[in-house]
Amino acid sequence: MNDGNLVPADHDGMSAFSGPNNTIVLVRNHELSPSETPGAVGPKYDSACAGGTTTLTLNADRRLLRHHVSLAGTYRNCSGGATPWDSWISCEEDTSTPRSNPILSRRHGYNFEVPALLTEPVIPEPLVAMGRFYHEAIAVDPSTGIVYQTEDRGDGLLYRFIPHEPGNLKAGGVLEALKIKEKPQANTKVGFALEQSMAVEWVRIEDPDPAEDTVRQEGFAKGAAQFSRGEGLCFDGQDLYVCCTSGGKAGLGQVWRYRPEEDGGQLTLFVESSGRSQLDYPDNITASSFGDLFVSEDGWGEQFVRGIQRDGKVYDFARNALNTSEFAGVCFATNPLTMFVNIQSPGITLAIWGPFIS
256 MNDGNLVPAD HDGMSAFSGP NNTIVLVRNH ELSPSETPGA VGPKYDSACA
306 GGTTTLTLNA DRRLLRHHVS LAGTYRNCSG GATPWDSWIS CEEDTSTPRS
356 NPILSRRHGY NFEVPALLTE PVIPEPLVAM GRFYHEAIAV DPSTGIVYQT
406 EDRGDGLLYR FIPHEPGNLK AGGVLEALKI KEKPQANTKV GFALEQSMAV
456 EWVRIEDPDP AEDTVRQEGF AKGAAQFSRG EGLCFDGQDL YVCCTSGGKA
506 GLGQVWRYRP EEDGGQLTLF VESSGRSQLD YPDNITASSF GDLFVSEDGW
556 GEQFVRGIQR DGKVYDFARN ALNTSEFAGV CFATNPLTMF VNIQSPGITL
606 AIWGPFIS
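Going by the working numbering, 420 is the number at position 165 of the sequence shown; the sequence numbering is gapless.
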């Protein structure tokens, strides 16, 4: 890379931003554990950890101009999400501590913010108030600044973080978990019909930074709903779409739709996979400018990027013909309209452009 470092492995969550002079900026996670090399090199949150992010700057012809480490020393940066103020929130999918793993010097399970246009590594600062748990992804409601978060656990919860100062996550805020009003402590893996709208409310998490991995246990005790391995999140207009990678009777994945409202909002099961040819462990999700959603899969055997139309119909968009590694980090740049997506191993970032509609 331009900073002299080797490109880290295990490309994962990613988002595209508009840069100066008609450039495209990608901020990309690297889901690395402490023992894995090469890792992200820079000012480290934890000297034992290899995870982090790299930032790529491309010209309007999608040619690479610059490539550098932008976050280092974090643990299994799986996914995250873009903010309306042009930063990437990188999420740790591990809650290890020095007590559980003596090679570590810091506690893990946090989010970290990376300004997209920064040309040097950020000084890592955990966003403690957003919670310490098995983070997967975030999505920011642009109308309120509220940040929604998934948890990659079989009994994980769906969270929202209400910042004290919208746009300034370091200023702290309130962490809450979603509860279905008529079904407290619901397990959403099975037993829900498509397009059945349910009223929800939110319960406050009093201890977002516990010594153990117990945030979800506090929320569940207060009636919060469990989601089967929450993964990707994205807003499309007013609606938030949520992937649960092992949800559904077949255990192959669900996509939920949540509409925020002043009294709590409405939750609806949008898609549930009945077979691997429909959805196979949906992971990251993004909305396109032309109306379809796209999900990158982390399933068994062949891996796909799949599109989802507004009526819930799923179609194959791209297949990994190289190997059986997962697709990850699917996202769009708007000028020019380009899909970017990673193949996690051996670590490849692809640019795909249209026309997408014919």
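Glycine included, every Cβ here is placed at the ideal spot set by N, Cα and C.
Note that the coordinates shown come from a computational prediction; the quantities given were computed from them, not determined experimentally.
Hey, could you find the ends of the beta strand (DSSP E) residue i is sitting in?
{"i": "Gly-487", "result": "485-491"}
{"i": "Ala-588", "result": "582-589"}
{"i": "Glu-406", "result": "402-406"}
{"i": "Arg-337", "result": "Before going on, a small fix: residue 337 reads as Ala here, not Arg. Where Ala-337 is concerned, the enclosing beta strand (DSSP E) stretches over 332-337."}
{"i": "Arg-561", "result": "559-563"}
{"i": "Cys-499", "result": "494-499"}
{"i": "Leu-592", "result": "592-598"}
{"i": "Arg-514", "result": "509-514"}
{"i": "Tyr-570", "result": "569-574"}
{"i": "Lys-434", "result": "428-435"}
{"i": "Glu-456", "result": "453-459"}
{"i": "Arg-283", "result": "279-285"}
{"i": "Asp-267", "result": "266-273"}
{"i": "Gly-306", "result": "306-313"}
Work out the CA separation of residue j and residue i for me, nearest whole Å.
{"i": "Ala-256", "j": "Ser-452", "result": "First, the residue type needs correcting, since residue 256 is Met and not Ala in the sequence shown. Whole-angstrom Cα-Cα distance: 49 Å."}
{"i": "Phe-611", "j": "Phe-587", "result": "12 Å"}
{"i": "Gln-200", "j": "Ser-334", "result": "There is no way to answer for residue 200, as the model of the chain reaches only from 256 to 613."}
{"i": "Pro-275", "j": "Gly-306", "result": "27 Å"}
{"i": "Phe-490", "j": "Pro-357", "result": "39 Å"}
{"i": "His-363", "j": "Thr-352", "result": "6 Å"}
{"i": "Leu-361", "j": "Ala-295", "result": "Rather than Leu, the amino acid found at residue 361 in this sequence is Arg. Spanning the two alpha carbons is a distance of roughly 17 Å."}
{"i": "Trp-222", "j": "Ala-315", "result": "The question about residue 222 has no answer here: the residues shown for the chain are numbered 256 through 613."}
{"i": "Leu-488", "j": "Gly-519", "result": "18 Å"}
{"i": "Val-354", "j": "Glu-347", "result": "Sequence inspection shows Arg at residue 354; the Val mentioned does not correspond to that position. Going from the Cα of Arg-354 to the Cα of Glu-347 covers about 18 Å."}
{"i": "Glu-380", "j": "Glu-517", "result": "32 Å"}
{"i": "Leu-281", "j": "Leu-311", "result": "5 Å"}
{"i": "Tyr-414", "j": "Thr-278", "result": "34 Å"}
{"i": "Leu-382", "j": "Pro-465", "result": "14 Å"}
{"i": "Leu-394", "j": "Phe-549", "result": "The residue you asked about is not Leu; residue 394 is Ala in the sequence shown. Straight-line Cα distance between these residues: approximately 15 Å."}
{"i": "Arg-283", "j": "Pro-376", "result": "13 Å"}
{"i": "Gly-506", "j": "Arg-512", "result": "18 Å"}
{"i": "Asn-597", "j": "His-285", "result": "11 Å"}
{"i": "Ser-325", "j": "Lys-438", "result": "43 Å"}
{"i": "Thr-579", "j": "His-419", "result": "43 Å"}
{"i": "Arg-321", "j": "Ser-273", "result": "14 Å"}
{"i": "Ala-476", "j": "Asn-575", "result": "42 Å"}
{"i": "Met-385", "j": "Glu-406", "result": "12 Å"}
{"i": "Asp-468", "j": "Gln-481", "result": "15 Å"}
{"i": "Pro-537", "j": "Ala-303", "result": "31 Å"}
{"i": "Leu-319", "j": "Val-585", "result": "18 Å"}
{"i": "Arg-317", "j": "Gly-609", "result": "13 Å"}
Check whether the Cβ atoms of residue i and residue j sit closer than 8 Å, and answer yes or no.
{"i": "Arg-387", "j": "Thr-350", "result": "yes"}
{"i": "His-266", "j": "Gly-602", "result": "yes"}
{"i": "Asp-396", "j": "Ala-371", "result": "no"}
{"i": "Phe-572", "j": "Ala-271", "result": "no"}
{"i": "Gly-502", "j": "Gln-509", "result": "yes"}
{"i": "Lys-444", "j": "Ala-479", "result": "no"}
{"i": "Glu-473", "j": "Glu-461", "result": "yes"}
{"i": "Arg-531", "j": "Gln-521", "result": "no"}
{"i": "Tyr-300", "j": "Gly-268", "result": "no"}
{"i": "Asp-535", "j": "Gly-554", "result": "yes"}
{"i": "Ala-606", "j": "Asn-539", "result": "no"}
{"i": "Gly-581", "j": "Glu-552", "result": "The displayed chain sequence assigns Glu, not Gly, to residue 581. Yes."}
{"i": "Tyr-403", "j": "Leu-495", "result": "yes"}
Which two residues bound the contiguous alpha helix (DSSP H) that contains residue i?
{"i": "Arg-415", "result": "Premise fails: Arg-415 lies in the beta strand (DSSP E), 414-418, not in any alpha helix (DSSP H)."}
{"i": "Val-296", "result": "That residue, Val-296, is in no alpha helix (DSSP H); it is neither H nor E in DSSP."}
{"i": "Gly-328", "result": "Per DSSP, Gly-328 belongs to no alpha helix (DSSP H); it is in the beta strand (DSSP E), 319-329."}
{"i": "Gly-237", "result": "No answer is possible for residue 237: the residues shown for the chain start at 256 and end at 613."}
Counting contacts by CB-CB distance shorter than 8 Å, is residue i in contact with chain B?
{"i": "Ser-544", "result": "Absent from the structure is chain B; it holds one protein chain and no more."}
I want to know whether the region 560-569 touches the region 518-528 - three or more CB-CB distances under 8 Å. Counting C-beta pairs closer than 8 Å gives three or more between the region 560-569 and the region 518-528, which meets the contact rule.
Can you list the beta strand (DSSP E) stretches of 3 or more residues lying completely in the region 355-380, in chain order? The region 355-380 contains these whole beta strand (DSSP E) runs: 366-370.
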